[in-house]
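J.: Chains as they are written, first to last, in my numbering: chain L, 196 to 464; chain H, -13 to 381; chain S, 688 to 1075.
The structure that follows is given in the form of structure tokens.
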Amino acid sequence: MNIIVCVKQVPATNEVKMNKETNTIIREGIEAIINPFDTYAIEEGVRIKEKTGGKTTVLSMGIPSVADLLKETLAVGIDEAVLLSDRTFAGADSLATSYALSKGIEHIGDYDLIVCGKQAMDGDTAQVGPGLAEKLGIPHTTYVRKIEEINDKYIRCQRMTEDGYDIIEMPLPAVITVVKEINEPRLPSLKGMMRAKRAVVTVLTAKDIGADSDLCGLKGSPTQVVKTFVPVHDVQSEMIEGEPEEQAEKLAKKLLSMQFNTSDSTEVI
Amino acid sequence: MASIKIIKDKCVGCKLCVGSCPFGAIEMVDKKAVILENCTLCSICVESCKFDAIDFQKDEVSNAVDISLYKGVWIFAEQKNGEPESISYELLGVGRKLADDLKTSLFAIIIGDEIENATKKLIAYGADKVIMVEDKSLNYYNDESYTDIFVQLIKENNPEIILLGATAYGRSLAPKIASRINTGLTADCTKLEIDLEDGKLLQTRPAFGGNLMATIICPKHRPQMATVRHKVMKELEPDEKRLGEVIRPNVNIPTDLKIKVKDVVSTITESVSLTEADVIVSGGRGMGDPKNFELISELANVLGGAVGASRATVDAGWIGYSHQVGQTGQTVGPKVYFACGISGAIQHIAGMSSSDTIIAINKNPDAPIFKVATFGIVGDVLEILPLLIKEFKKA
Amino acid sequence: MNYYLTEEQQMIKELAAKIADEKVKPVAIKYDEEGTFPHDIVKILADSDLCGVYISEEYGGFGGGIFEMALVVEELSRACGGIALSFAASGLGAFPIILYGTKEHKEKYLPQIASGAKLAAFGLTEANAGSDAAGIQTTAVLDGDEYILNGTKQWITNGGEADIYTVIACTNRAKGARGFSAFIVEKGTPGFSFGKKENKMGIRASVTSELVFEDCRIPKENLLSKPGMGFIVAMKTLDRTRPGVAAQALGIAQGAFDEALKYSGERVQFDKPISSFQAIQHMLADMAIQIEAARCLVYQTCKLVDSGAKSISKESAMSKVFASDTAMKVTIDAVQVMGGYGYMKEYPVEKMMRDAKITQIYEGTNQIQRNVIALELIKEQKSGKKVN
Ligand SMILES: Cc1cc2nc3c(=O)[nH]c(=O)nc-3n(C[C@H](O)[C@H](O)[C@H](O)COP(=O)(O)OP(=O)(O)OC[C@H]3O[C@@H](n4cnc5c(N)ncnc54)[C@H](O)[C@@H]3O)c2cc1C
Ligand SMILES: Cc1cc2nc3c(=O)[nH]c(=O)nc-3n(C[C@H](O)[C@H](O)[C@H](O)COP(=O)(O)OP(=O)(O)OC[C@H]3O[C@@H](n4cnc5c(N)ncnc54)[C@H](O)[C@@H]3O)c2cc1C
Ligand SMILES: Cc1cc2nc3c(=O)[nH]c(=O)nc-3n(C[C@H](O)[C@H](O)[C@H](O)COP(=O)(O)OP(=O)(O)OC[C@H]3O[C@@H](n4cnc5c(N)ncnc54)[C@H](O)[C@@H]3O)c2cc1C
Ligand code: SF4
Ligand code: SF4
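Structure follows, in structure tokens:
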């Protein structure tokens, strides 16, 4: 079974500090890492391949230096790495990203399953997986927490929902996006690391994959960011003092005086 | 091609832009800003420069549509067993305001089986019209059939705005639709407004795990689509007397689906699910021991609430992942949130900061959780919780 | 300090550090309290290929030497000296085979050790033969194609968990230490069983047991080197692996120092972080100086050993003595810097202090090592050879 895992490079921390005087964000020494959710996608891809045979390929769209990160995935069992890198792709929203990745996948060809992370730590939209499936004209299931069965014909998996899970069956090829419950990613092995060091990442441009530049990058992105700001939490905190008994009593009073109903949760406040 | 560059003559070297770039793609060289190759052309920095020294050349978006042809605000009414989910009412709440600002109608789209009853409720909660597609096969949410039907409806009616819940289903359905009809989709919005000058939808959403807010528009494509975070928008007071129209359009119900929903399983054992709950009692590593989580469940029970947890406790195997609140867990927004022995790491706060009232119990007075707390108690949770349980049992 | 590690060594260190931080640290306290063997971590180490760093590529290893082994031991010991020992003691059991095994021995045993599929152990010490290893009483008698072993080894690390044992036994009582021979004994051999599992002060994740031989018959091909070479096999092996114990001590010291340094910045007394008090600052500085000095000596000794140099006893002893004394001092100071918190089991330094102690005792106590060093010095002085 041939599996393509989509991975995105993200800044290692998504912490944003505010400079109070200038009202701007302070960011220093930002290291780039593989989107944490994508490490579960990689692990799942490798596990399926170990069971069924075939090949695993990681695919990413990003700046040239992403190639080094992709090499790391070869140390944990991925067979090949492909990077779509071209200024034409820059500024893509999730639609343009889905399009570019779909062209990359068609270029790689001969795939049975595409695995994405649940969402990227920076953009946080969770839209690329489903968007990509649609561009490829194949079915998808999001938030997969377990694969119950997979063979040449179909996959049956558990999709996580707010109050449990659905069991979904769909024919291959298909796209799944995975949540962290699905597995525990392995650590690299020494031999894997050696192999990764020597590996070559295939870098492709928009032209190489036959992508229409009108549909890529900023040009192909219907959404536009017009403003950004750092949220301020201006809560008024009240510390409740006293001996534990007093504290509990005072707090209960306060909540109850906010018409906090203790018996019927639908009627609160 | 789109490009970004620093106009050297205008740049005074104030470094404001450096801090604004979330990707660390601006550096100072010889007291002038320089854009590095890892710039993603996200355009966030442009505004940060008070000297107009950042020249951002944007491409015209291709394949623009005639936006005047699109009318009406739509919301997708999620339902379960014929009963609208609370997110549907929240969407109606915000949708009502948008439709009024645009002087247009508010439509609720409901797909399912035996949903007749739900249509009345949707009208009571603010819908002018309900488009209802009913069929036995639509009983359970299915990405394939729901997308097919929704797209047929869009093509037939050309709405200008579509809102869906940022729920497990909404976050799957919305991007599939947007990708099929090639329009923009803003994820996880926490604020939606109409720009009264040009009628555009201003969509504000958290990114970077809640650390940065971005306002996003979709200027040249229609419909403007957004998913909306649960528990953020306020629902309207229901008005049983409101009048509205129920439309049963003629659509093709797809058969022979590739995607088959084999089963729908509920695993949350408490009476209330985390995202639905009005009260959530969450425990962190400060509970000390998985056994002590019984105190958490007990308080939750007394208050008719649900049990939440920090990642530290989930990772330690004290409680299942479905209880995790935070950036990589559930985003919740209950009326009252108890954080018991939780330090208040930013990743945790990202998932619960929109709660109306936050109560923090922690033995460390400097724990960051107190910064977001409405009420704080410095003390030992193991001592405070039993007392609280007693107090609420009395009430 | 930059030690100019090769790219491969850097990689080994990074990988071991990752395992230490992500996998070992979270379970260190648990294994210490339970005193159980860390099978899950051993599996992780096996999957990481690190078990073969000191075994040649020919036998499925990575082709490194003691230095590579020491780098792994150091990193793992930062998180847990006990878990690191399971790895290091396997090396101690493997080295006699690496150094003295026949091609057949190597083909049979080394790949299994390199892959981590099997652990090894080394059995020398007995109840009445500790520092005085020449006093061992376990015997091996040749009977046709087999040796028959009788006797009991004491305090053998990995005893019961390992599959491959190198055991020193007496084949000719009359010849004293020159009458010892070294053997490979496989777990499961009839007549070979395990005695009591010890309840220890520290390194509690590591298992220490008796090896009991009762008319245990092993094929005579399992003899390592020649009859009568057993003592030499043991001493040469220990000379080579001693920097491994030194690395364990170094890692423990580093782990304790890291905790103390971090804590000193967080703990506020008299409205200031305690790291602002000079008394604490000097303690931290002294700890750092000793650790770095130990590291220089340990790494350099490893390089000397790996160079194939003949005379290494003195240097190897020095590295072990210095690093283990450093570990003891640094862990005691780390507890001191952290005050009462340092003394509590919720914080890892009290465990590190207990763990550090063993490094002054096993693979030759520090007194014995000083004897060795002094004797070498005197010998060198007499022979007019280098003293550098
Ligand atoms: C502040 C901010 C807000 C934004 N808001 C929106 C918005 O509301 N709507 C919108 O359409 N765009 C938005 N974007 C743009 C969006 O971040 C990019 O489109 C991005 O390329 C993909 O979206 P994502 O990061 O949300 O990925 P997600 O959709 O969250 O990623 C899901 C999975 O898709 C795969 N994937 C995603 N990107 C790549 C890639 N480049 N290469 C390989 N695999 C990948 C990975 O497997 C990943 O785990 C925003 C960007 C910023 C900086
Ligand atoms: C990429 C990423 C994603 C993450 N996602 C999430 C997420 O979704 N959700 C999440 O929760 N975390 C998340 N985290 C982890 C987060 O950074 C914190 O590590 C975690 O939230 C800490 O959990 P905690 O507050 O329970 O534990 P700690 O930080 O250890 O806090 C325990 C608290 O309990 C207090 N305490 C101890 N004993 C008592 C007592 N007897 N009485 C009262 N108080 C006591 C202590 O003072 C302390 O403040 C994420 C981290 C990363 C890097
Ligand atoms: C946890 C643990 C694991 C071990 N693992 C192994 C193993 O895997 N394989 C193995 O073969 N052995 C192992 N040993 C045994 C270890 O090597 C011995 O304990 C060590 O060599 C010291 O011997 P002893 O304990 O009998 O001390 P003793 O020899 O009885 O020494 C007692 C004290 O007398 C001092 N002393 C003795 N002789 C002299 C002298 N001539 N001059 C000055 N001082 C002297 C010593 O320094 C010490 O302070 C292990 C021991 C322990 C505790
Ligand atoms: S904010 Fe503008 S003026 Fe200041 S350094 Fe950046 S580009 Fe130059
Ligand atoms: S456009 Fe975005 S990525 Fe590029 S420099 Fe500006 S803020 Fe950074």
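The beta carbon of each residue, even a glycine, is placed where N, CA and C say it ideally should be.
Going by beta-carbon coordinates alone, are H:LYS18 and L:GLU364 separated by less than 9 Å?
T.: Taking the second sequence and counting its residues from 1, one reaches residue 18 of chain H at position 32. Taking the first sequence and counting its residues from 1, one reaches residue 364 of chain L at position 169. No, they are not a contact pair.
J.: What does a CB cutoff of less than 7 Å around H:GLU369 pick up in its chain, not counting 5 residues either side in sequence?
T.: Looking up residue 369 of chain H in the second sequence gives position 383. Nothing meets the Cβ criterion.
J.: May I have the straight-line CA-CA distance separating H:LYS115 from H:ILE375, to the nearest angstrom?
T.: Counting from one through the second sequence, the residue named residue 115 of chain H turns up at place 129. Counting from one through the second sequence, the residue named residue 375 of chain H turns up at place 389. Between H:LYS115 and H:ILE375, the C-alpha separation is close to 46 Å.
J.: Between the region -1 to 7 of chain H and the region 347 to 362 of chain H, do three or more beta carbon pairs fall short of 8 Å?
T.: no
J.: Given that a residue counts as buried once 16 or more other Cβ atoms are within 10 Å of its Cβ, and exposed if not, what is L:ASN218?
T.: As a working note, residue 218 of chain L is residue 23 in the first sequence. At L:ASN218 the pLDDT is 48, less than 50, meaning the model places this residue with poor confidence; the figure from the coordinates comes in the next sentence. By the 10 Å Cβ count, L:ASN218 comes out exposed.
J.: If we count Cβ pairs, one from each stretch, closer than 8 Å, do we get three or more for the region 977 to 996 of chain S versus the region 897 to 915 of chain S?
T.: no
J.: Taking its Cβ as the centre, do 16 or more other Cβ atoms sit within 10 Å of S:ARG929, making it buried, or is it exposed?
T.: Residue numbering aside, residue 929 of chain S sits at position 242 when the third sequence is read from its first letter. Answer is buried; the Cβ neighbour count reaches 16.
J.: Taking the beta carbon of S:THR693 as the centre, do at least 16 other beta carbons fall within 10 Å, making it buried, or is it exposed?
T.: By one-based count along the third sequence, residue 693 of chain S stands at place 6. By the neighbour-count rule (16 or more Cβ atoms within 10 Å), S:THR693 is not buried but exposed.
J.: Should L:THR234 be listed as close to ligand 2, given that the test is whether its C-beta is under 8 Å from any heavy atom?
T.: Within the first sequence, residue 234 of chain L is the residue found at index 39, counting from 1. No - ligand 2 has no heavy atom lying nearer than 8 Å to the Cβ of L:THR234.
J.: Between the region 726 to 735 of chain S and the region 699 to 707 of chain S, can you find at least three pairs of beta-carbon atoms closer than 8 Å?
T.: yes
J.: So, is the C-beta of L:LYS392 closer than 9 Å to a C-beta in chain S?
T.: Position 197 of the first sequence, counting from 1, holds the residue named residue 392 of chain L. Any Cβ of chain S closer than 9 Å to the Cβ of L:LYS392 would place that residue at the interface, and such an atom is present.
J.: Quick one: any contact between the region 832 to 851 of chain S and the region 894 to 903 of chain S, if contact means 3 or more CB pairs under 8 Å?
T.: As far as the Cβ criterion goes, the region 832 to 851 of chain S touches the region 894 to 903 of chain S, which means the pair count is three or higher.
J.: Can you check whether the C-beta of L:GLY240 is within less than 9 Å of a C-beta belonging to chain S?
T.: By 1-based counting over the first sequence, the position of residue 240 of chain L is 45. No, L:GLY240 lies away from the interface with chain S (no Cβ there is under 9 Å from its Cβ).
J.: By the 10 Å Cβ neighbour count, where 16 or more other Cβ atoms means buried, how is H:ASP174 classified, buried or exposed?
T.: Here residue 174 of chain H is taken as the residue at index 188 of the second sequence, counted from 1. Buried, since its Cβ has 16 or more Cβ neighbours within 10 Å.
J.: With DSSP collapsed to three states, give me the class of H:ARG82.
T.: What you label residue 82 of chain H is simply residue 96 of the second sequence in a count that begins at 1. In the structure shown, H:ARG82 sits in a helix (DSSP, three-state: H, G or I).
J.: Between the C-alpha atoms of S:ALA770 and L:GLU444, what's the straight-line distance to the nearest angstrom?
T.: As a position in the third sequence, residue 770 of chain S is number 83, starting the count at 1. As a position in the first sequence, residue 444 of chain L is number 249, starting the count at 1. It should be noted that the sequence gives Ile, not Ala, for residue 770 of chain S. Cα to Cα, S:ILE770 sits roughly 49 Å from L:GLU444.
J.: Specify the secondary structure class of H:ASP207 as computed by DSSP and reduced to three states.
T.: Counted from its first residue, the second sequence places residue 207 of chain H at position 221. Position check: residue 207 of chain H holds His in this sequence, whereas Asp was assumed. Looking at H:HIS207 - three-state DSSP - the assignment turns out to be coil, as it is neither helix nor strand.
J.: If we ignore side chains and look at the alpha-carbon of each, how far apart do L:GLN314 and L:GLN322 end up?
T.: Counting from 1 along the first sequence, the entry for residue 314 of chain L is found at position 119. Counting from 1 along the first sequence, the entry for residue 322 of chain L is found at position 127. Distance between the alpha carbons of L:GLN314 and L:GLN322: 8 Å.
J.: Let me know the beta strand (DSSP E) ranges lying completely inside the region 729 to 801 of chain S, each 3 residues or longer, listed in chain order.
T.: none
J.: Have a look at S:ARG954 and H:ALA(-12) and give me their C-alpha separation to the nearest angstrom.
T.: Within the third sequence, numbered from 1, the residue matching residue 954 of chain S stands at position 267. Within the second sequence, numbered from 1, the residue matching residue -12 of chain H stands at position 2. Near 51 Å, if we compare the C-alpha coordinates of H:ALA(-12) and S:ARG954.
J.: Look at the alpha carbon of H:PHE378 and the alpha carbon of H:THR213, and state the distance between them as a whole number of angstroms.
T.: Start at 1 with the first residue of the second sequence, and residue 378 of chain H comes out as number 392. Start at 1 with the first residue of the second sequence, and residue 213 of chain H comes out as number 227. Whole-angstrom Cα-Cα distance: 37 Å.
J.: What ranges does the alpha helix (DSSP H) occupy inside the region 819 to 857 of chain S, keeping only unbroken runs of at least 4 residues that lie completely in it?
T.: none
J.: Quick one, which of H:PRO372, H:ASP87 and H:ASP41 has its alpha-carbon nearest H:LEU285's?
T.: Stepping through the second sequence from its first residue, residue 285 of chain H is reached at position 299. The residue with the shortest Cα to Cα distance from H:LEU285 is H:PRO372.
J.: For a cutoff of 9 Å on Cβ pairs, would you count L:ASN230 as touching chain S?
T.: For the purposes of this step, residue 230 of chain L is taken as residue 35 along the first sequence, with counting starting at 1. Among the residues facing chain S, L:ASN230 is not included, as its CB has no counterpart in that chain under 9 Å away.
J.: For H:LYS162, which residues of its own chain have a beta-carbon under 7 Å away from its beta-carbon, when the five flanking residues on both sides are left out?
T.: On the second sequence, position 176 is the one that residue 162 of chain H refers to. If we look at H:LYS162 and ignore the five residues flanking it on each side, its Cβ neighbours are ASP129 and THR133.
J.: Give a yes or no on contact between the region 68 to 87 of chain H and the region 104 to 113 of chain H, applying the rule of three or more CB pairs nearer than 8 Å.
T.: yes
J.: Please work out which residues of its chain come closer than 7 Å, Cβ to Cβ, to S:GLN968, disregarding the five sequence neighbours upstream and downstream, and give them in chain order.
T.: Within the third sequence, numbered from 1, the residue matching residue 968 of chain S stands at position 281. Around S:GLN968: SER962.
J.: Name the chain L residues whose beta carbon is nearer than 8 Å to that of H:HIS207?
T.: On the second sequence, position 221 is the one that residue 207 of chain H refers to. By Cβ distance, chain L contributes PRO417.
J.: Say the cut is 8 Å; is the CB of H:ILE40 nearer than that to a heavy atom of ligand 4?
T.: Residue mapping note: residue 40 of chain H aligns to position 54 of the second sequence, counting from 1. Yes, the beta carbon of H:ILE40 sits closer than 8 Å to at least one heavy atom of ligand 4.
J.: Would you please verify whether the beta carbon of L:GLY387 is less than 9 Å from any beta carbon of chain S?
T.: Your numbering for residue 387 of chain L matches position 192 in the first sequence. Answer yes: the Cβ-Cβ gap between L:GLY387 and chain S drops below 9 Å somewhere.
J.: The region 363 to 378 of chain L: which residues have C-beta closer than 7 Å to a C-beta of chain H, in chain order?
T.: Against chain H - using a Cβ distance shorter than 7 Å - the residues of the region 363 to 378 of chain L are ILE363, GLU364, MET365, PRO366, LYS375 and GLU376.
J.: Between which two residues does the beta strand (DSSP E) carrying L:VAL310 extend?
T.: Translated into the one-based positions of the first sequence, residue 310 of chain L becomes position 115. 308 to 312 is the span of the beta strand (DSSP E), which, as asked, contains L:VAL310.
J.: Starting from the beta carbon of H:GLU23, find every residue of chain L whose beta carbon is closer than 9 Å, and list them in chain order.
T.: Here residue 23 of chain H corresponds to residue number 37 of the second sequence, with the count starting at 1. Ordered by position in chain L, the residues that pass the 9 Å Cβ test against H:GLU23 are ILE258, PRO259 and SER260.
J.: Hey, is S:SER994 close to ligand 6, as in C-beta under 8 Å from one of its heavy atoms?
T.: Looking at this structure, you won't find ligand 6 anywhere; what it does contain is ligand 1, ligand 2, ligand 3, ligand 4 and ligand 5.
J.: Quick one, which of S:ASP727, S:GLU709, S:ILE753 and S:VAL714 has its alpha-carbon nearest S:SER994's?
T.: Within the third sequence, the letter at position 307 stands for residue 994 of chain S. Answer by Cα proximity: S:ILE753.
J.: So the beta strand (DSSP E) L:THR336 belongs to, where does it begin and stop?
T.: Residue 336 of chain L sits at position 141 when you count from the first residue of the first sequence. 335 to 345 is the extent of the beta strand (DSSP E) around L:THR336.
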